[in-house]
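Written out below as structure tokens is the structure these notes cover.
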Amino acid sequence: MSVFDDRGPVPKIVWPQDLEEKAGLLIAMKTISLLMGDSVYQESQGPGIGINYFGILPFPDLKFNGLTYFFLIPDEEARGQAYASTVTILINEEDRVF
């Protein structure tokens, strides 16, 4: 699970725990950046409105594809009154059926 907080996009929950920190940061940056750059996010009215969708993202450097769920966590104190967030399940890139 990744969240865009005061420090930028960061991995908050990582499993398995032995995933390299660099890989976790790459996944957080890529998934959160795509969410925040999407027109649905940019044009939404209020926290959480219209922001619940899935995407399949490649991570060729890691040899994985990611099934990513994009969503917002409402928080009155957060910038934009919500934290952009993602949950990503990694699948070996050789396993094309998922």
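Residue numbers (the working numbering): 9 to 106.
Backbone N, C-alpha and C fix where the C-beta goes; we use that ideal spot for every residue, glycine too.
Here the structure is a predicted model, which means the values were calculated and not measured.
query	result
How big is the Cα-Cα spacing for Phe79 and Pro24?	22 Å
Quick check: Gly88 and Thr76, are their CB atoms within less than 9 Å of each other?	no
By the three-class DSSP mapping on this structure, what secondary structure does Leu98 have?	strand
Quick check on DSSP: helix, strand or coil for Ala92?	strand
Pull up the DSSP beta-bridge partners for Leu75, would you.	Ile64 and Ile97
Leu27 by DSSP, collapsed to three states: which one?	coil
Tell me the rounded alpha-carbon separation between Phe67 and Ile35.	8 Å
Is any non-hydrogen atom of the ligand MG found closer than 8 Å to the C-beta of Glu84, if you look at the structure I gave you?	In the structure shown, the ligand MG is absent, as is every other ligand, since no ligand is present at all.
Could you compute how far the alpha carbon of Asp83 sits from the alpha carbon of Asp13?	11 Å
Please classify Leu70: does DSSP put it in a helix, a strand, or coil?	coil
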